[in-house]
Amino acid sequence: MVQDLKDASIEPLAEPTIEVPDDLKNNLMITSVDALVNWGRKSALWPVTFGLACCAFEMIASAMGRFDIARFGMEAFRASPRQADLMIVA
94 MVQDLKDASI
104 EPLAEPTIEV
114 PDDLKNNLMI
124 TSVDALVNWG
134 RKSALWPVTF
144 GLACCAFEMI
154 ASAMGRFDIA
164 RFGMEAFRAS
174 PRQADLMIVA
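Have a look at this one:
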């Protein structure tokens, strides 16, 4: 199951049906909105804010500029497990 999740998260976007000229292939990508949104959902994690005592300070610190978890797409902490993709238990 873990390997299936890993494989699904590194799949490239589907090949477009519109032909892109060779000189623009490095600068232009054509895809559907659904494929783009689903790729974004697979590639960004939303952790749930579930900090108790000192663990909460660690989670808050991880979102600050020094550690910058925003580069991994994890800056959006959610209020409930239903909205989150990841629960950090420390």
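Here the working numbering is used: the first residue of the sequence shown is 94, the next is one more, and so on. Glycine included, C-beta positions come from ideal geometry on N, C-alpha and C. Here the structure is a predicted model, which means the values were calculated and not measured.
**Item:** Run of the alpha helix (DSSP H) containing Met52, from where it starts to where it stops
**Value:** A question about residue 52 goes unanswered here, because the residues of the chain that appear run from 94 up to 183.
**Message:** When you compare the CB positions of Val130 and Leu121, do they come within less than 7 Å of one another, or not?
**Reply:** no
**Helix, strand or coil at Val113 [DSSP, three-state]** = coil
**Residues of its chain near Glu168, where Cβ-Cβ distance is below 7 Å and the 5 sequence neighbours each way are ignored** = Ala156, Ile162
**Prompt:** Does the Cβ of Val126 have 16 or more other Cβ atoms within 10 Å, making it buried, or fewer, making it exposed?
**Reply:** exposed
**Asked** In or out: Phe170 buried (at least 16 other Cβ within 10 Å) or exposed?
**Response** buried
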